[in-house]
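Notes follow the structure.
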């Protein structure tokens with residue numbers, strides 16, 4: 001009997017170009033649904049889905065977003081974020097009823113996946129079947145690497161030791177990202193500004 005196997009995703013299929021990344025961010029930012037607010041936070045922080053999904057209202061501090069880790073990894077950390085971005089997120093969340101348990105989201109992964117797929121369609125990325133919400137974390141990390149941000153800082157920011165990714169996956173992705181960024185479009189300027197801000201605050205985190 002013949003058996004059919006689903007081929008594994010190629011590593012390069014899990015990544016998106018910087019401009020695609022920025023297009024997704026802008027689309028998430030334009031929407032007020034909770035799933036898009038969650039995806040927006042994922043994109044600008046590189047956090048894991050469960051970390052953002054379990055956030056509470058008090059996790060927004062001045063200039064930082066507090067993450068409590070996952071069920072398997074208790075990695076509490078504060079991530080820098082522009083205060084205007086935090087205020088925008090809080091304004092969008094204010095349009096929704098406040099949960100009694102204090103949780104911001106508590107959404108299903110499958111539900112957010114549908115919103116992600118729709119966003120890909122709206123940003124002309126529907127052909128990238130392998131790109132999931134985790135691609136936002138990968139791309140966030142690879143961009144920081146391309147800008148020579150220290151691995152120690154990136155590990156601290158993402159709550160994960162990233163050297164294994166750097167040597168096996170993210171180094172070629174970072175090189176592609178850097179070549180794309182050299183066009184110095186609006187996307188490059190936006191992320192370059194963020195990287196400059198993060199770099200100035202490395203000492204506070206390490």
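Residue numbers (UniProt numbering): 1 to 206.
Glycine included, C-beta positions come from ideal geometry on N, C-alpha and C.
| Asked | Found |
| --- | --- |
| Please specify which runs of the alpha helix (DSSP H), each continuous and at least 4 residues long, are wholly inside the stretch 7-89, giving them in chain order. | 18-30, 34-45, 49-53 |
| Given a cut-off of 9 angstroms, decide if residue 119 and residue 38 are closer than it, judged by their beta-carbon atoms. | no |
| Just the Cα atoms here: how many angstroms apart are residue 256 and residue 155? | The question about residue 256 has no answer, for the chain in this structure spans 1 to 206. |
| Restricting to Cα atoms, I'd like to know which of 139, 129, 89 is closest to residue 21. | 139 |
| Along the chain, where does the alpha helix (DSSP H) containing residue 138 start, and where does it finish? | 134-146 |
| Give a yes or no on contact between the stretch 76-95 and the stretch 58-68, applying the rule of three or more CB pairs nearer than 8 angstroms. | yes |
| Roughly how many whole angstroms lie between the Cα atoms of residue 82 and residue 149? | 19 angstroms |
| Please state whether the Cβ-Cβ distance between residue 128 and residue 16 is less than 9 angstroms. | yes |
| The alpha helix (DSSP H) spanning residue 126 covers which residue range? | No alpha helix (DSSP H) holds residue 126; DSSP gives it neither H nor E. |
| For residue 183, which residues from the same chain have a beta carbon less than 8 angstroms from its beta carbon, with the 5 sequence-adjacent residues on both sides left out? | Per-residue confidence for residue 183 stands at a pLDDT of 46, beneath the threshold of 50, marking its modelled position as unreliable; the derived number appears in the next sentence. Once the five neighbours on either side are set aside, residue 183 has no close Cβ partner at all. |
| Is the beta carbon of residue 105 sitting closer than 9 angstroms to the one on residue 54? | yes |
| Would you mind reading off the limits of the alpha helix (DSSP H) that contains residue 108? | Premise fails: residue 108 is in no alpha helix (DSSP H) and is neither H nor E. |
| Tell whether a beta-carbon distance below 9 angstroms holds between residue 56 and residue 40. | no |
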